[in-house]
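Note sheet for the following structure.
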Amino acid sequence: MDEEKWKEELEKWEHEIALNPENAEAYSKRGTVLFVLGRKKEALDSYNRALEINPKYEKAWNNKGVLLGYCGRKKEALDCYIKALQINANHEKIRRNRRVLIGSDEFWDSLSGDSLPDLWSGDEDFNILASREKLKDCSGKDLQSIRHLWVEQYRLLHLLSADLDQVGHYTSTNVFETLLQEQEETKGKATPLLLCSLAAANDPTEGTVFQSLLGVDCMPFQRIHSNLAVLQTSFSSSIGSLNQFRLYGKNNGEEGTGLCLVFNRSFFAGPGETSMVAVKRDQEQSSEEEGAACRKLPLYWVLYYDRDSEHVYYTPACIEYSLNKEFKMKKNSVKKTDLKKVEDIGKSLKRIRDHFKAISKEYQQTALEMLIYLRHLVKDAAFKDEKELRILSLHPYNDHDSSLKVLPGKNCLSVDYLPVIHEEEEYLEKVIAGPKLRDFPNLVDVAKFRLHRLGGKKEVEFCQSQAPLS
Numbered sequence: 008m009d010e011e012k013w014k015e016e017l018e019k020w021e022h023e024i025a026l027n028p029e030n031a032e033a034y035s036k037r038g039t040v041l042f043v044l045g046r047k048k049e050a051l052d053s054y055n056r057a058l059e060i061n062p063k064y065e066k067a068w069n070n071k072g073v074l075l076g077y078c079g080r081k082k083e084a085l086d087c088y089i090k091a092l093q094i095n096a097n098h099e100k101i102r103r104n105r106r107v108l109i110g111s112d113e114f115w116d117s118l119s120g121d122s123l124p125d126l127w128s129g130d131e132d133f134n135i136l137a138s139r140e141k142l143k144d145c146s147g148k149d150l151q152s153i154r155h156l157w158v159e160q161y162r163l164l165h166l167l168s169a170d171l172d173q174v175g176h177y178t179s180t181n182v183f184e185t186l187l188q189e190q191e192e193t194k195g196k197a198t199p200l201l202l203c204s205l206a207a208a209n210d211p212t213e214g215t216v217f218q219s220l221l222g223v224d225c226m227p228f229q230r231i232h233s234n235l236a237v238l239q240t241s242f243s244s245s246i247g248s249l250n251q252f253r254l255y256g257k258n259n260g261e262e263g264t265g266l267c268l269v270f271n272r273s274f275f276a277g278p279g280e281t282s283m284v285a286v287k288r289d290q291e292q293s294s295e296e297e298g299a300a301c302r303k304l305p306l307y308w309v310l311y312y313d314r315d316s317e318h319v320y321y322t323p324a325c326i327e328y329s330l331n332k333e334f335k336m337k338k339n340s341v342k343k344t345d346l347k348k349v350e351d352i353g354k355s356l357k358r359i360r361d362h363f364k365a366i367s368k369e370y371q372q373t374a375l376e377m378l379i380y381l382r383h384l385v386k387d388a389a390f391k392d393e394k395e396l397r398i399l400s401l402h403p404y405n406d407h408d409s410s411l412k413v414l415p416g417k418n419c420l421s422v423d424y425l426p427v428i429h430e431e432e433e434y435l436e437k438v439i440a441g442p443k444l445r446d447f448p449n450l451v452d453v454a455k456f457r458l459h460r461l462g463g464k465k466e467v468e469f470c471q472s473q474a475p476l477s
């Protein structure tokens with residue numbers, strides 16, 4: 008609406024208030040109109056009046072949170088979302104607003120390193136991962152340390168969030184062909200990219216390297232038992248890499264015969280926009296548009312840990328610069344922006360290790376289960392040249408309404424992500440073929456034909472690597 012229409016809307020709600028000065032909804036609606044018109048102080052006063060009349064009005068708490076967040080008052084905005092979710096824990100719009108807030112640079116920049124914002128009250132992921140049974144009788148120092156760990160997991164996820172214009176996904180020509188096929192179950196749309204269970208990963212150390220980083224001496228178990236399946240798809244910032252072509256997307260076991268699919272930024276959600284655990288949404292609160300948005304997942308960098316030297320590598324920064332066993336920079340000649348990021352990662356890792364060691368043995372198992380995202384974003388340093396990024400999704404085994412399924416012929420769990428073209432968004436930018444892929448011109452012809460059939464309007468670039476692969 009234009010400004011005149013908003014002014015008419017304002018008059019409407021002021022008239023409602025004049026008729027009934029105890030109308031909380033009218034005050035909340037009036038506050039939203041004043042916010043749009045840039046009259047933020049009056050808007051805040053209007054929301055406060057609505058909440059004086061009805062302290063249980065969750066929409067007014069949500070609207071007040073949005074306004075306070077916009078004004079830079081991030082902690083107060085978080086408190087508003089917590090109050091709203093205490094009234095209505097299943098309101099998806101409020102949950103999403105809260106997630107976006109704690110995924111923002113401004114939120115974390117407003118906190119000191121040792122701050123303990125309340126990121127557990129009203130947090131659906133915390134409630135799933137730390138059930139009452141697991142935290143029964145947990146109090147005092149143990150509970151405080153577990154809450155610190157939860158905040159630091161969110162902080163590290165923020166620090167490891169990737170915002171690259173393009174990333175590569177290495178796969179075989181067979182998978183690429185499948186991705187461009189129309190399926191009956193997708194109503195004529197392309198086959199979605201799959202997230203597959205990390206239980207089936209080729210790396211036998213998957214999920215355990217993080218435990219070594221915490222300190223083996225305080226580990227109660229080598230492996231963690233969880234009621235959640237962890238699924239992922241990997242990407243790389245090394246686009247068209249000869250090393251990646253050697254490792255991935257082989258046809259009949261021959262190196263250099265795979266493809267690098269280059270996806271754009273819009274293929275991923277912003278940091279914090281989706282919950283960690285994929286749970287059934289309240290259908291009354293979710294429109295089709297919101298459901299589609301929930302399918303996107305944030306993209307995270309993987310950290311690499313060398314158990315011998317105890318160094319941690321953050322690969323967007325030059326890999327010769329790393330964190331030592333005290334999580335401090337080994338060298339300082341890295342560019343300023345990367346230096347601060349690596350130092351912040353180091354401080355957060357140190358806090359995680361310190362808080363974890365402070366937890367009684369009785370609750371360390373629960374603490375490890377709660378750090379489930381981080382466990383799968385730390386790999387062995389032997390893989391650091393891959394510069395891997397991941398999207399992760401956690402699915403309860405007992406969620407009968409989830410999209411979790413067994414992948415036929417692979418004996419592993421999987422879940423659909425997004426197809427290359429979805430709701431008029433086109434995510435595929437480029438296809439780079441390995442240097443030993445035969446019949447590349449025919450692949451291009453067929454791919455362009457299928458992209459057109461799927462409704463593709465932009466020109467996807469196709470090229471073949473000329474790198475020598477002996």
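Per the numbering used here, the sequence shown runs over residues 8 to 477. C-beta: ideal position from N, C-alpha, C; glycine also. The structure displayed is predicted, hence computed values, not measured ones.
Residue i burial status per 10 Å Cβ neighbour count (16 or more: buried)
i: residue 470; result: exposed
i: residue 202; result: buried
i: residue 252; result: buried
i: residue 454; result: buried
i: residue 97; result: exposed
i: residue 404; result: exposed
i: residue 278; result: buried
i: residue 362; result: buried
i: residue 227; result: Here the model assigns residue 227 a pLDDT of 49, short of 50, so the residue's position is not dependable, and the following value carries that caveat. By the 10 Å Cβ count, residue 227 comes out exposed.
i: residue 8; result: exposed
i: residue 416; result: exposed
Bounding residues of the alpha helix (DSSP H) (the contiguous stretch that carries residue i)
i: residue 80; result: Note, residue 80: premise wrong, no alpha helix (DSSP H); not H, not E.
i: residue 362; result: 343 to 364
i: residue 14; result: 10 to 26
i: residue 39; result: 31 to 43
i: residue 148; result: 147 to 167
i: residue 473; result: Neither: residue 473 is in no alpha helix (DSSP H) and is coded neither H nor E.
i: residue 57; result: 47 to 60
i: residue 251; result: 249 to 254
Which of helix, strand or coil DSSP assigns to residue i
i: residue 271; result: strand
i: residue 178; result: strand
i: residue 308; result: strand
i: residue 448; result: helix
i: residue 386; result: strand
i: residue 183; result: helix
i: residue 173; result: strand
i: residue 420; result: strand
i: residue 318; result: strand
CA nearest to the CA of residue i, picked from the options
i: residue 121; options: 468, 357 and 428; result: 357
i: residue 132; options: 105, 427 and 462; result: 105
i: residue 66; options: 117, 79 and 90; result: 90
i: residue 166; options: 110, 329 and 54; result: 110
i: residue 209; options: 419, 452, 445 and 153; result: 419
i: residue 267; options: 207, 331 and 182; result: 182
i: residue 442; options: 472, 137 and 178; result: 472
i: residue 51; options: 80, 28 and 463; result: 80
i: residue 429; options: 366, 400, 361 and 303; result: 303
i: residue 263; options: 178, 242 and 434; result: 178
C-alpha distance - residue i paired with residue j, whole-angstrom precision
i: residue 345; j: residue 324; result: 6 Å
i: residue 169; j: residue 16; result: 41 Å
i: residue 156; j: residue 123; result: 10 Å
i: residue 46; j: residue 284; result: 38 Å
i: residue 307; j: residue 217; result: 16 Å
i: residue 163; j: residue 43; result: 34 Å
i: residue 238; j: residue 207; result: 10 Å
i: residue 317; j: residue 220; result: 8 Å
i: residue 314; j: residue 437; result: 37 Å
i: residue 259; j: residue 440; result: 16 Å
Extent of the continuous beta strand (DSSP E) to which residue i belongs
i: residue 397; result: 395 to 403
i: residue 371; result: Premise fails: residue 371 lies in the alpha helix (DSSP H), 368 to 377, not in any beta strand (DSSP E).
i: residue 4; result: Since the first and last residues shown for the chain are 8 and 477, residue 4 lies out of range.
i: residue 437; result: 435 to 440
i: residue 284; result: Where residue 284 is concerned, there is no enclosing beta strand (DSSP E), given that its DSSP letter is neither H nor E.
i: residue 216; result: Note, residue 216: premise wrong, no beta strand (DSSP E); alpha helix (DSSP H) at 216 to 221.
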